[in-house]
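Here the sequence shown is numbered in the numbering used here, starting from 67 and rising by one per residue.
C-beta: ideal position from N, C-alpha, C; glycine also.
Inspection log for the structure reproduced underneath, given as structure tokens.
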Amino acid sequence: MSETARIERDIEAARSRLEGTVNELAYRAQPKVIAERQAASLKLKLNEATHTPDGQLRVERIGAVVAAAVALVVVAGLIRRRRR
């Protein structure tokens, strides 16, 4: 095999790898794909925050979040009532 043929084969292989890389980047940059990736990440974080590593529910954390939400609603109600 001549040196020229080997170089042409190497160039074609490099082009093929580059095309695959560009296609993968174009796919990852699609807004729908980004949104799906972010949603999956959020679900994972929520699951890690509300469950122990063995899958048990972390009641104390959920209770704290509920208490904070109730407090927020009460404060918002007081502010709204005060403005009237």
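Runs of the alpha helix (DSSP H) lying entirely within the region 88-146 and spanning at least 4 residues, in chain order: 97-116. In chain order, Arg127 place their CB closer than 7 Å to the CB of Ala115, counting only its own chain and leaving out the 5 sequence neighbours on each side. Across the structure, Val88 and His117 are spaced so that their CA atoms are roughly 39 Å apart.
Sequence-distant partners of Val99 (beyond 5 residues in either direction) whose C-beta falls short of 7 Å from its own C-beta, in its chain, are Tyr93.
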